[in-house]
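Q:
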Amino acid sequence: MLKEQGLRISTALKQIGIGRSSYYSWLSPQKTAPRPASVQRLTESERTAIIAYKQQQPHLSHRKISGYLRAENIWVSATSCYRALKSLGWVSAADNLREAPWKQPHYEPFAPNQIWGEDWTGLLIAGLRYYLLTIIDCFSRYIVAWGIVPTVTHREVRQLLILGYLSQNIDTRKDKPLLRADRGSPNMAKKTRRLIAELEMLLSPSRSHRPTDNSRQERWYRTVKQEEIYCCPEYPSELTARHSVATYIEEYNEQRPHQALWNFTPAYVHRCGNKSIIWNQYRQQVLYAKERRLNFNRSQPGLFLPSAQTNTF
C-alpha cells in the first residue's frame, strides 16, 4: 500500500518496521529442501510411552515424564517429550506456576540510606553461641551498625536500629530508609514494628526461605565468615571477639576494595553517594593506566606496538 503511494521500498519497509532481508526472503521462492529426518528421532515405542504417560497422568510436565521414563529404562530427553506432546497440543500453559524470581521487581537503591538490610549470624565465644547483628546499606555495602549479643530478641534488634539511625543522622533526612529483614520473631515483634513506625521507616519483610531477598546482607556474612569468623573458630572472650570484629569491620568499610563497587571501598561510595561519579572515576583511572602502559611500552627498544590504543586492560 505504501509502495502504491510512490514511496521507495526501503522507505516503506522502514515505516512498517520490516527489514529488507526479511522482505526479499519472502519474495524469493523457497530453495531449501526439507530437512531430512534425524537418525536420532524417537522410535514409535518411545513416542507411545510418552503419550501413554501423559494420558494416565495429565498433570505431569514433559520434564517429569522424561524422568519417569528414564527410571523405566526408556531414555528420552525432556525436549523430545516436549516435541511429542506439543505436536498433539498437549503442552499445558504455565499460568498457574510461580513466576521466576528474577522476573519480579526488586529493590535497587540509587543513593545511600535508602534501603538497609538487617540480619544476624552465629559465632562461638568461649564455647558459647553468640550472634553478630549487622545493618548494611544496600547502596554502598557499608556496615551502618553492628553488635555482638548472646541472644537475639526484639530488644537487640531495636537497639541496633537506634544505633544505625543515630550514626547516620537519619532524623535530619526527609526520606527514611526502608528496612529489609527476614520474618524472624525479633523482626516481626510488635515492639520492633512500633519502633520502626516511630522512626518513620518502612519494614519490608523478605519471603520465607528466600535468602536472595536480602542478598547483599547474606553476601556480607559470607565475606565476614570467610575472612574473620572462620579464621578464629572460637573467640576466647567477648571482649576479644568485639575487638577483632570491630577491627575487621573498620577495614571492610574503609580499606577493603569491593569488587561490586569497581574496587572502591564501601565507605568511599557511601560518602560519595553517586555511582555515576564513581563509574566515571573508574573509567578515567582505566584510561590513564592504559595510556601510561602504552607510552612506557612504546619507549622500549625493539618492541613494535600499533599506534591505535588497544582495548586490553
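Residue 290 in this note's numbering sits at position 310 of the sequence shown, and the numbers go up by one each step.
Note that CB positions come from ideal geometry on N, CA and C, so glycine has one too.
(1) Considering only the alpha carbon of each residue, which of 200, 157, 197, 204 lies closest to residue 182?
(2) Please name the residue or residues paired with residue 129 in a DSSP beta bridge.
(3) Just verifying my parser: in three-state terms, what is the DSSP assignment at residue 52?
(4) Could you compute how far the alpha carbon of residue 41 sits from the alpha carbon of residue 26?
(5) Is it true that the CB of residue 226 sits closer than 8 Å to the CB of residue 110?
(6) Just grab the DSSP bridge partners of residue 184 for me.
(7) Relative to the alpha-carbon of residue 122, which residue among 145, 224, 251, -3 has its alpha-carbon at the smallest distance?
(8) Excluding sequence positions up to five away, which residues of its chain have a Cβ less than 6 Å from the Cβ of residue 214?
(9) Leaving out five residues on either side along the sequence, give the residues of the same chain with a beta carbon under 7 Å from the beta carbon of residue 247.
(10) Rounding to the nearest angstrom, what Cα-Cα distance links residue 172 and residue 137 in this structure?
(11) In whole angstroms, what is the alpha-carbon distance linking residue 228 and residue 124?
(12) DSSP on residue 192, reduced to helix/strand/coil?
A: With the given structure in hand:
(1) As a working mapping, residue 182 is identified with position 202 in the sequence shown. The shortest Cα separation from residue 182 among 200, 157, 197, 204 belongs to 157.
(2) Taking the sequence shown and counting its residues from 1, one reaches residue 129 at position 149. According to DSSP, residue 129 bridges with 111.
(3) Numbered from 1 along the sequence shown, position 72 holds the residue referred to as residue 52. Note: residue 52 maps to coil in three-state DSSP.
(4) The count along the sequence shown starts at 1 and reaches residue 41 at position 61. The count along the sequence shown starts at 1 and reaches residue 26 at position 46. Cα to Cα, residue 41 sits roughly 16 Å from residue 26.
(5) To locate residue 110, count along the sequence shown from 1; it is residue 130. To locate residue 226, count along the sequence shown from 1; it is residue 246. The answer is no: Cβ separation not under 8 Å.
(6) Mapped onto the sequence shown, residue 184 falls at position 204. Residue 184 is bridged to 160.
(7) The residue you call residue 122 lines up with position 142 of the sequence shown. Answer by Cα proximity: 251.
(8) By 1-based counting over the sequence shown, the position of residue 214 is 234. Once the five neighbours on either side are set aside, the close Cβ partners of residue 214 are 104.
(9) For this step, residue 247 is matched to residue 267 along the sequence shown. Contacts found: 122, 233, 234.
(10) Numbered from its first residue, the sequence shown carries residue 172 at position 192. Numbered from its first residue, the sequence shown carries residue 137 at position 157. C-alpha separation (whole angstroms): 7 Å.
(11) For the purposes of this step, residue 228 is taken as residue 248 along the sequence shown, with counting starting at 1. For the purposes of this step, residue 124 is taken as residue 144 along the sequence shown, with counting starting at 1. Distance between the alpha carbons of residue 228 and residue 124 is about 14 Å.
(12) To locate residue 192, count along the sequence shown from 1; it is residue 212. DSSP places residue 192 in helix when its eight states are reduced to three.
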